[in-house]
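Undergrad: Position 26 of the sequence shown, counted from 1, bears residue number 1326 in my numbering, the numbering being contiguous throughout.
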Amino acid sequence: MPSVAQKQQRISQRKEAVKENIILSQEKNIQKLNELVRSLQEQLLECRISNGNTSHALSSLAEKITELKRQHILED
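(1) With DSSP as the reference, label residue 1325 as helix, strand or coil.
(2) Any heavy atom of the ligand MN within a distance shorter than 6 angstroms of the CB on residue 1352?
(3) Which value, in whole angstroms, describes the spacing of the CA atoms of residue 1313 and residue 1324?
(4) Roughly how many angstroms separate the alpha carbons of residue 1331 and residue 1338, rounded to a whole number?
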């Protein structure tokens, strides 16, 4: 029959094993979150680039429209 000290030692070991499993699980979750953050940062950058290109295209289009309007006014 195990002594009280042995039982306490086993309980302590089990607690440590549970703590280690919790820590490992948390580390995996942190890695997944870091990967998600990286992915979202890449998507945001792509959106910013796309938005910048769209803004530039719209600006160029607006300039061309203005130029055409001026030419039309001069022709009238």
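We put the CB at the ideal spot given by N, CA and C, even for glycine.
TA: Let's see:
(1) Counting from 1 along the sequence shown, the entry for residue 1325 is found at position 25. Residue 1325 falls in the helix class under three-state DSSP.
(2) Looking for the ligand MN in the displayed structure turns up nothing, as the structure carries no ligands at all.
(3) On the sequence shown, residue 1313 is found 13 positions in, with the first residue counted as 1. On the sequence shown, residue 1324 is found 24 positions in, with the first residue counted as 1. In this structure, the straight-line span from the alpha carbon of residue 1313 to that of residue 1324 is close to 16 angstroms.
(4) Residue numbering aside, residue 1331 sits at position 31 when the sequence shown is read from its first letter. Residue numbering aside, residue 1338 sits at position 38 when the sequence shown is read from its first letter. Distance between the alpha carbons of residue 1331 and residue 1338: 11 angstroms.
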